[in-house]
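Everything below concerns the one structure shown next.
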Amino acid sequence: MRPSRSRLVPLLTRALAIPALALTSLVAVGATPAQAACSDVDVVFARGTGETPGLGVLGRPLVSGLQSQLSGYSVSSYAVDYAANSSQTSAGPGATDMSSHISSVAASCPGTRFVIGGYSQGGTVTDIAIGIRTGVTTGTPIPSALSGRVAAVVVFGNPLGASGRTIATASTVYGPKSRDYCNVSDSICGRQGSNPAGEGSGGHLSYQTNGSVTQAVGFAAGLVRTGGSGGTPTPTPTTCVTASTLSHVAADRAVSLYGRAYARGSRDALGLTSSYNVVSLRESGTDSWDLVSSC
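Rendered as structure tokens:
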């Protein structure tokens, strides 16, 4: 006996509802781990120019080294999503992505701290993300309220060094918890040989093999264990001077080249070197000044 049409419709309705309910249950179950996946430490790293997407040749050993040294801590990682193009213009968007990721994770995971950094152009990404002006491109920096959540900053072959600066000298907030690794033969970062503990041999491609990553792992792990800076530090008062570009050059706050003045360190263009051209400069680090609208 065939079921009547009036009985068939409810049967079909119940049958179709079963997969839908099962799918709903699966989605709900699957959402729980994602919501609970908050690590103790999140390593956010920007690869170098021309590297394939991912953590890159230095980011991978940095993450694995921290996972090994920080026993008892859960360590996750995030590869900054940016083009890493040869023109260096992708550094700004990369900084925005780094900042956005940190803001998102910090909001969802109040206990997570961050170790951030990059290699080569990834160093510029990091510079911009922590609020250092580079003159190459711009991006959105990490909100100042989250600076205390960043336990350590490590960069390799950072182009900032070509202007005679490091994160330690250019940032009063992040400087105390930063390390710039620059090999003595690396022209990209100014050949500073600034690696602690006497390392730094080789050029721009030697960081993977000369002990720099091992040093960075030890430095960052130590700050994670001790709580880093212990919160948002009180910014050091900075000097701001309003004067003519001629006076700035005379006081060594700026340099003059072919009749035009440039801020020392940041290389911000100030216009004509003249006693009539008045601009404001704010000290941003040792021997480094930034052009500002007013003091």
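Using mature numbering (1 follows the signal peptide of the UniProt record, and there is no 0), the letters of the sequence shown correspond one by one to residues -36 to -1, 1 to 259.
We treat Cβ as the ideally placed atom computed from N, Cα and C, and that holds for glycine.
- Message: At 3 residues or longer, what runs of the beta strand (DSSP E) sit wholly inside the segment 4 to 42?
- Response: Listed in chain order, they are 5 to 10.
- Message: Just to confirm the assignment, what range does the beta strand (DSSP E) spanning ASP144 have?
- Response: Here the beta strand (DSSP E) through ASP144 covers 142 to 145.
- Message: Can you look up CYS259 in the DSSP assignment and give me helix, strand or coil?
- Response: Correct three-state label for CYS259: coil.
- Item | Chain-order list of residues whose beta-carbon lies under 8 Å from that of TYR171 (same chain, five-residue window excluded) | The residues LEU22, TYR83, PHE120, GLY121, TYR145, ASN147, VAL177, in chain order, have a CB closer than 8 Å to that of TYR171 in the same chain once the five nearest residues on each side in sequence are set aside.
- Query: Any idea what DSSP makes of ALA115, helix, strand or coil?
  - Reply: ALA115: strand per DSSP, three-state reduction.
- Message: Which of the three DSSP states is assigned to ARG246 in this structure?
- Response: ARG246 falls in the strand class under three-state DSSP.
- Below 7 Å between beta carbons: does that hold for VAL213 and ALA225? Yes. Within cutoff.
- Sort SER72, GLN52, VAL89 by Cα distance to VAL44 and report the nearest one. Scanning SER72, GLN52, VAL89 for the CA closest to the CA of VAL44 turns up VAL89.
- At what residues does the alpha helix (DSSP H) containing ALA207 begin and finish? Under the DSSP assignment, ALA207 falls outside any alpha helix (DSSP H), being part of the beta strand (DSSP E) whose first and last residues are 204 to 208.
- Starting from PHE183, follow its DSSP beta bridges and name the residues at the other end. Beta-bridge analysis with DSSP links PHE183 to no other residue.
- Distance, SER127 Cα to ILE106 Cα: Note on geometry: alpha-carbon atoms of ILE106 and SER127 lie some 23 Å from one another.
- Query: For THR53, is the classification buried or exposed, using 16 other Cβ atoms within 10 angstroms of its Cβ as the cut-off for buried?
  - Reply: That one is exposed.
- Query: Are there three or more Cβ pairs, one per stretch, closer than 8 Å when the segment 14 to 28 is compared with the segment 60 to 68?
  - Reply: No, the segment 14 to 28 is not in contact with the segment 60 to 68.
- Does the distance from the C-beta atom of ARG231 to that of GLY139 stay below 7 Å? Annotated as distal: ARG231 and GLY139, with beta-carbon spacing of 7 Å or more.
- Task: Give every residue of the same chain whose Cβ lies closer than 7 Å to the Cβ of GLY14, excluding the five residues on either side of it in the sequence, and list them in chain order.
- Result: Residues of the same chain with a CB within less than 7 Å of the CB of GLY14, apart from the 5 flanking positions on each side, are ALA48, SER50 in chain order.
- Item | Anticipated Cβ contact below 8 Å, GLY86 with GLY12, distance rounded | GLY86 to GLY12, Cβ: 6 Å. Contact.
- Task: Could you check how far apart the C-beta atoms of LEU110 and ALA70 are, in whole angstroms? I think they sit under 8 Å.
- Result: Between ALA70 and LEU110 the Cβ distance is about 5 Å, and since that is below 8 Å, they are a contact.
- List the whole-angstrom C-beta distance separating ARG77 from VAL8, where the pair is believed to meet the contact cut-off of C-beta under 8 Å. That belief does not hold up - the Cβ atoms of ARG77 and VAL8 are roughly 11 Å apart, past 8 Å.
- Task: Only counting runs of 4 or more residues, tell me where the alpha helix (DSSP H) segments fall wholly within the segment 62 to 140, in order along the chain.
- Result: If we require 4 residues or more, the alpha helix (DSSP H) runs fully inside the segment 62 to 140 come out as 85 to 93, 131 to 134.
- Hey, would you say ASP150 sits closer than 7 Å to GLY167, going by beta carbons? In terms of Cβ geometry, ASP150 and GLY167 form a close pair [threshold 7 Å].
- Endpoints, beta strand (DSSP E) assigned at TYR222: Run containing TYR222: none; DSSP gives neither H nor E here.
- Query: Under three-state DSSP, which class holds GLY154?
  - Reply: Residue state, collapsed to three classes: coil.
- With 16 other Cβ atoms within 10 Å as the buried cut-off, status of ASP6: When all chains shown are included, ASP6 counts as buried.
- Message: Less than 7 Å between the C-beta atoms of SER68 and ILE94, yes or no?
- Response: Taking 7 Å as the Cβ cut-off, SER68 and ILE94 do not qualify as a contacting pair.
- Which one of SER3, ALA207, THR133 has the shortest CA to CA distance from TYR42? It is SER3.
- Query: Which residues in the same chain as GLY249 place their Cβ atom closer than 7 Å to its Cβ, once the five residues preceding and following it in sequence are excluded?
  - Reply: So the qualifying residues of the chain are ARG129, THR133, ALA134, GLY229.
- Task: Could you tell me if CYS153 is buried or exposed, where buried requires 16 or more neighbouring beta carbons within 10 angstroms of its beta carbon?
- Result: Buried.
- Top-ranked residue by Cα proximity to ALA185, from ASP91, ARG246, SER32: ALA185 has its Cα closest to that of SER32, out of ASP91, ARG246, SER32.
- Three-state secondary structure (DSSP) at SER238? If DSSP states are grouped into helix, strand and coil, SER238 belongs with coil.
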